[in-house]
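Just so we're aligned, residue 8 is where the sequence shown starts under our numbering, counting upward by one.
For glycine and all other residues, C-beta sits at the position ideal for the given N, C-alpha and C.
See below for the structure under consideration.
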Amino acid sequence: MLVGHIAVGLAAKRITPRVSLGTTVLAALLPDLLWCIFLLAGIERVELKPGRGAVNYFGASDIAFSHSLLMDAAWGALFATAYFFARHYARGAWMLFAAVMSHWLLDFVAHNADMALAPGVHRWFGLGLWNSVAATVVVEGGMWLFAIVLYVRATRAKSRRGVYAFWIGIVILTLAWHSNIAGPPPPSVRAMAVTSLIFFSLVVAWAYWMNRLRAPCYNSV
């Protein structure tokens with residue numbers, strides 16, 4: 008998933024307005040950011056195969072340190088704990104933990120059987136939503152559309168920049184998602200890791216920027 012994860016960050020901002028959108032999106036994308044770093048460091052491995060769409064060209068040989076259920080719980084707990092000590096906001100910390108954990112659940116739905124429970128546990132799970140582009144568009148696209156509407160209704164732009172920058176970002180993310188589910192494979196694993204790390208970092212930076220340009224319409228309860 009791609010926009011499905013970002014949708015979690017948008018929805019989390021609606022539930023906990025005091026938490027920055029950048030922080031909720033960072034939590035939702037944290038396993039993917041770690042995956043890029045671990046790939047570049049040689050800690051994890053993936054394989055690229057011929058074909059269009061990630062379901063055809065992406066083979067996850069070993070991504071358990073960034074994407075297993077146990078490690079996502081550990082990363083989520085560390086992230087939430089760091090946030091709690093920095094902001095002293097328990098509800099926000101729990102929401103961030105849930106956002107990190109949602110990553111495994113959504114990838115379990117989208118991926119073929121390559122989602123591990125823990126490093127060293129040689130059983131993998133996945134429902135393979137990606138195998139159907141139409142089903143991916145309906146399910147993930149539906150999540151994306153719902154989250155956008157939820158976020159727009161829960162925030163207001165402080166200026167025109169908050170309108171234009173938001174919708175331009177949404178269009179770019181939607182096009183990137185389409186390329187992910189139907190486009191050609193990257194030229195190499197290293198190129199994929201580098202470009203993905205830059206892309207995810209830019210998405211998080213955009214989300215922090217949106218938090219400055221758009222204000223919640225109401226306060227947290």
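Alpha carbon to alpha carbon, how far is residue i from residue j?
| i | j | result |
| --- | --- | --- |
| Arg197 | Met8 | 20 Å |
| Leu46 | Ala200 | 6 Å |
| Tyr96 | Met122 | 31 Å |
| Leu41 | Phe207 | 10 Å |
| Met108 | Pro57 | 31 Å |
| Ala142 | Ser27 | 31 Å |
| Leu204 | Cys43 | 6 Å |
Tell me which residues share the same chain as residue i and place their Cβ nearer than 8 Å to its Cβ, disregarding the 5 neighbours each side in the sequence.
| i | result |
| --- | --- |
| Ser227 | In this prediction, Ser227 scores a pLDDT of 39, lower than 50, which makes its location untrustworthy; the coordinate-derived value is nonetheless stated afterwards. Taken in chain order, the residues that qualify are Thr23, Pro24, Arg25 and Arg98. |
| Ala71 | Glu51, Met78, Ala123, Ala125, Pro126, Gly127 and Val128 |
Within a Cβ cutoff of 7 Å, which residues of the same chain sit near residue i, ignoring the five residues on either side of it in sequence?
| i | result |
| --- | --- |
| Val170 | Ala164 |
| Ser229 | The question about residue 229 has no answer, for the chain in this structure spans 8 to 228. |
| Thr162 | Arg221, Ala222, Pro223 and Cys224 |
| Leu33 | Val211 |
Is DSSP giving residue i helix, strand or coil here?
| i | result |
| --- | --- |
| Ala125 | coil |
| Leu134 | coil |
| Gly66 | strand |
| Thr162 | strand |
| Ala18 | helix |
| Ala87 | helix |
| Ala120 | coil |
| Arg52 | strand |
| Arg221 | strand |
| Met102 | helix |
| Thr202 | helix |
| Thr23 | coil |
| Arg94 | helix |
So, is residue i buried or exposed, given that buried needs 16 or more other C-beta atoms within 10 angstroms?
| i | result |
| --- | --- |
| Pro38 | buried |
| Glu54 | exposed |
To which residues of the same chain is residue i closer than 6 Å at the C-beta, ignoring the five residues directly before and after it?
| i | result |
| --- | --- |
| Asn89 | One point to set straight first is that residue 89 is Ala, not Asn, in the sequence displayed. Contacts found: none. |
Compare the C-alpha of residue i against each of the options and name the closest.
| i | options | result |
| --- | --- | --- |
| Val31 | Leu134, Ala87 and Ser166 | In the sequence as displayed, the identity of residue 31 is Thr instead of Val. Cα-wise, what sits closest to Thr31 is Ala87. |
| Val211 | Pro192, Phe153, Gly176 and Cys224 | Gly176 |
| Arg160 | Ala106, Pro223 and Tyr215 | Pro223 |
Should residue i be flagged as near chain D, meaning a C-beta pair shorter than 8 Å?
| i | result |
| --- | --- |
| Leu182 | No chain D appears in this structure, which consists of one protein chain only. |
Would you check whether the ligand HEM has a heavy atom nearer than 7 Å to the C-beta of residue i?
| i | result |
| --- | --- |
| Asn218 | What this structure holds is no ligand at all, so the ligand HEM is not there to describe. |
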